[in-house]
Amino acid sequence: MTAPADVVAVLRAAGATVATAESLTGGLVCASLVSVAGASDVVRGGVVAYASDLKTSLLGVDPGVVASRGTVDAIVAEEMAVGVRDRLGATYGVSTTGVAGPDPSEGRPAGTVFVAVASPSGVRSWPLDLPGGRDEVRSAAVDAVLSQLVATVLAG
């Protein structure tokens, strides 16, 4: 597990900032970061785009991608991360999208999650198949995206 305090410390050491775009995590990524004293040095803000139309209108996700692939998709996660990075003026953008459960959504089973990190050098997403109930899936998605953010920042 990547502690939010460690994420804030890594971002601060790099002189970097982050913005979050969240769907299934509903603001938990941003909330975990701002729970750390001094997070205002590195956290620009966050967007909770739970509804599909908000992913396109607020974050710039291509409506054609949503129409053809659904919102639980790697490309959607990547476009969310890029969109929030650009719109909030951060060094890094992170995103979460997926199915927390307990029921399937868009033909995807519960636990299907995509997280993404947009950096100055590009964007990358990671597919996850997370076990557990709704709370466990959401918590694991937060940890996964924070871990990938730290790895991305440290990789330069």
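The numbering of the sequence shown is this note's numbering, which starts it at -5 and goes up by one.
We put the beta carbon where it would ideally sit given N, CA and C, even for glycine.
Assign residue i to one of three DSSP states: helix, strand, or coil.
i: V107; result: strand
i: L122; result: strand
i: A(-3); result: coil
i: A33; result: helix
i: Y77; result: Checking the sequence, you will find Gly at residue 77 rather than Tyr. G77 falls in the helix class under three-state DSSP.
i: A84; result: coil
i: A25; result: helix
i: G116; result: strand
i: V60; result: helix
i: D129; result: helix
Alpha carbon to alpha carbon, how far is residue j from residue i? Give it in angstroms, no decimals.
i: V4; j: S141; result: 11 Å
i: V37; j: T11; result: 6 Å
i: G151; j: V117; result: Here the chain has residues from -5 to 150 only, and residue 151 is not among them.
i: A138; j: A112; result: 15 Å
i: G58; j: V131; result: 28 Å
i: P125; j: R102; result: 14 Å
i: G39; j: D67; result: 23 Å
i: A135; j: T(-4); result: 12 Å
i: P96; j: A43; result: 20 Å
i: D80; j: T14; result: 11 Å
i: S133; j: A71; result: 17 Å
In the DSSP assignment, what are the bridge partners of residue i?
i: G92; result: V107
i: E16; result: V42, T90
i: S99; result: R102
Around the C-beta of residue i, are 16 or more other C-beta atoms found within 10 angstroms, so that it is buried, or is it exposed?
i: M74; result: buried
i: P114; result: exposed
i: G105; result: buried
i: D47; result: exposed
i: L53; result: buried
i: S34; result: exposed
i: S62; result: exposed
Could you say which of the options lies nearest to residue i if we only look at CA atoms?
i: G21; options: T(-4), P103, P57, T90; result: T90
i: G32; options: A134, A68, A(-1); result: A(-1)
i: R128; options: G87, V93, A15, S29; result: V93
i: I69; options: V107, D80, T19; result: V107
i: S99; options: V2, A45, S26, C24; result: A45
i: A25; options: V1, A7, R6; result: V1
i: V41; options: T85, L143, T19, S29; result: T19
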